[in-house]
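Residue numbers (our numbering), protein chains in the order written: chain A, 2 to 195; chain B, 2 to 195.
Heads up: the structure comes next, in structure tokens.
2 protein chains.
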Amino acid sequence: MVSRSESAAATRRALVDAAAGLLDAGGPEAVTLRDVGARAGVSRGAAYRHFADKESLLTVVAAEKWEWLASDLHGVRDRGGAPEDHVRTALLSLIRVGRTQPHLYRLMFSTPRGDPDTAVRAASLAQDEFLAIVSELVGSDDARRFGALLLTSAHGIAGMELSGHLSADKWHTTAEELVDTLVAASAGSRRSRG
Amino acid sequence: MVSRSESAAATRRALVDAAAGLLDAGGPEAVTLRDVGARAGVSRGAAYRHFADKESLLTVVAAEKWEWLASDLHGVRDRGGAPEDHVRTALLSLIRVGRTQPHLYRLMFSTPRGDPDTAVRAASLAQDEFLAIVSELVGSDDARRFGALLLTSAHGIAGMELSGHLSADKWHTTAEELVDTLVAASAGSRRSRG
DNA sequence: ACTCTACAGTTGACATTGTCATCTGCGGTG
DNA sequence: CACCGCAGATGACAATGTCAACTGTAGAGT
């Protein structure tokens, strides 16, 4: 026998997973509360016992992916390799989310509207991890400046790749090359400043 | 007396303008075909005489802004100043669209779904203009590599600023500083390679 | 052991919206 | 002047987010 709160928690979990699954599979318009309910084994209205509205449910989906990314980035420093490699790995990790889960990626960077705190706090966590990785490469004094530059650039690369605006035909380059250039330039700037 | 085709063209214009206006003012969910029609002085179904569906109408809205950007970028080279200033101005021009018309900006970089050609062609035009501006700074050999880097980075800056993920609190920097750093690094790389 | 309450989940209903089939009116052509 | 084709209007429909009302039961209080 499951307690009431356990059952409710399980339902909530199932709802979030269902929403994430539908988003991944069919994009935003595939995420209907009716289908989310069906996939979670409950009915359409059940979500309103756990979330204020559809937006809030999606906010949780985004926040959980941010948390996943934070933990992924945290693991980067544990594995061996040079600081440069860590930064490269971290940036490519973000880009990989864009490639493998484009709809989820878009959701992560959509303007927070539901409960801003939930998403923003989780995103901030991942950004802190990234900041630590960059510190390793350029030192803590320059970490924020370079961190912002590297992160925004990687996000731009992911975004343009995702929207088809980074065509190899026109630009003669790939996301990987761009990341390499960025990391090399950052490492170079550090050395040249002492 | 207006001819039939003139009147139809005027209606089409009004529909596109109405959609753009509603998008600017109230975001995507404010763009309903009923309101678009009302704003354009026609009824809800009129749009289907000019566009396959809502998506196609929005594709035209995005394409027109890309064309506007292309023409804006074209003007950059005519005004005086150093190549560095031109690149900086061009990047900030993109970022300014993100700031002043966030919903339209998002639409420009959304995955093309309606008639891909319309939007992609217009975007390509703007990118060509940008390429020309970058050539001025780094030479035509490196233009594509640096162009892709600068454009994706600027897009990332715009996107993160727009989604609230580029908080000054955390990163201690601004979009303008990031652009300056990028441009300086590009100009520097060119010199150091000869 | 019995009762009662709070709450998870269901169901009916409704307004909104995109879309299409059908209808209407008129400019242009013979 | 008759006719046709198209721009636009309108009725209808299915899908969807949301909420009010309802139901059943786990768990607390006695």
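Cβ atoms here follow ideal geometry from the backbone N, Cα and C, with glycine treated the same way.
From a predicted model like this one, the values you see are computed outputs, not experimental measurements.
Check, Outcome
"C-beta contact flag for R144/A and L132/A at 8 Å", "The sequence shown places Ala at residue 144/A, not Arg. Contact flag set, yes."
"H156/B burial status per 10 Å Cβ neighbour count (16 or more: buried)", "buried"
"Below-8 Å beta-carbon distance, W172/B vs any chain A residue", "yes"
"CA nearest to the CA of R80/A, picked from R13/A, A176/A, I134/A, A149/A", "I134/A"
"Selection from G42/A, R5/A, S4/A, E7/A that minimises the alpha carbon distance to A20/A", "G42/A"
"Chain-ordered chain A contacts of Q128/B [CB-CB under 7 Å]", "K171"
"Presumed contact (8 Å Cβ cut-off) between W67/A and M109/A, rounded CB distance", "6 Å"
"Boundaries of the alpha helix (DSSP H) in which S141/B is found, first to last residue", "141-163"
"Start and end residues, alpha helix (DSSP H) containing V43/B", "Here V43/B belongs to no alpha helix (DSSP H), and DSSP marks it neither H nor E."
"Where T112/B sits in the DSSP three-state scheme", "coil"
"Chain B within 8 Å of I97/A, Cβ atoms only", "Note on identity: in this sequence residue 97/A is Arg, with Ile being the wrong assignment. Not one chain B Cβ lies under 8 Å of R97/A."
"Enclosing alpha helix (DSSP H) for L58/A [first to last residue]", "55-79"
"V61/B, buried or exposed, once every other Cβ within 10 Å from all chains shown has been counted against 16", "buried"
"CB of T153/A within 8 Å of CB of I158/B, strictly", "yes"
"Residue from E7/A, L105/A, R89/A, Y49/A with nearest C-alpha to E30/A", "L105/A"
"Partner residues on chain B for R146/A, Cβ-Cβ distance less than 9 Å", "W172, H173, T174, E178, L179, T182"
"Contact under 8 Å by Cβ, E137/B with A71/B", "no"
"Interfacial residues, the stretch 100-116 of chain A to chain B, with Cβ spacing under 9 Å", "P103, R107, M109, F110, S111, T112, P113"
"Nearest residue (CA-CA) to A39/B, options K55/B, A15/B, L58/B", "A15/B"
"Spatially closest choice to P117/B from G165/A, T112/A, R50/A, by CA coordinates", "G165/A"
"Closer than 8 Å at the beta carbon, the chain B residues around L163/A", "T112"
"Buried or exposed by the 16-neighbour rule on C-beta atoms within 10 Å, applied to R35/B", "exposed"
"Any chain B beta carbon closer than 8 Å to H75/A", "no"
"L16/B: first and last residue of the uninterrupted alpha helix (DSSP H) it sits in", "5-27"
"Contacts around R114/A, its chain only, beta-carbon distance under 6 Å, and the 5 residues preceding and following it disregarded", "E56"
"Nearest-angstrom Cβ-Cβ length linking A1/A and A64/A, presumed shorter than 8 Å", "Because chain A in this structure spans residues 2 to 195, residue 1/A falls outside the shown range and cannot be described."
"Among A186/A, Q128/A, T175/A, nearest to H75/A - alpha-carbon criterion", "Q128/A"
"Buried or exposed (CB count within 10 angstroms, at least 16 for buried), R5/A", "exposed"
"Residue closest to L151/B, alpha-carbon to alpha-carbon, out of A176/B, E7/B, L167/B", "A176/B"
"Reference R13/B; option with closest CA among V3/B, E85/B, H51/B, K171/B", "H51/B"
"Cut-off 7 Å between Cβ atoms - residues of its own chain near R45/A, not counting five sequence neighbours on either side", "L34, R35, G38"
"Residue environment, V32/A, which counts as buried when at least 16 other CB atoms sit within 10 Å", "buried"
"Residue range of the unbroken alpha helix (DSSP H) whose run includes S31/B", "Before going on, a small fix: residue 31/B reads as Ala here, not Ser. Element bounds for A31/B: n/a, residue is neither H nor E."
"Nearest-angstrom beta carbon gap, K171/B and S125/A [assumed within contact, 8 Å]", "7 Å"
"G82/A in three-state terms, based on DSSP", "coil"
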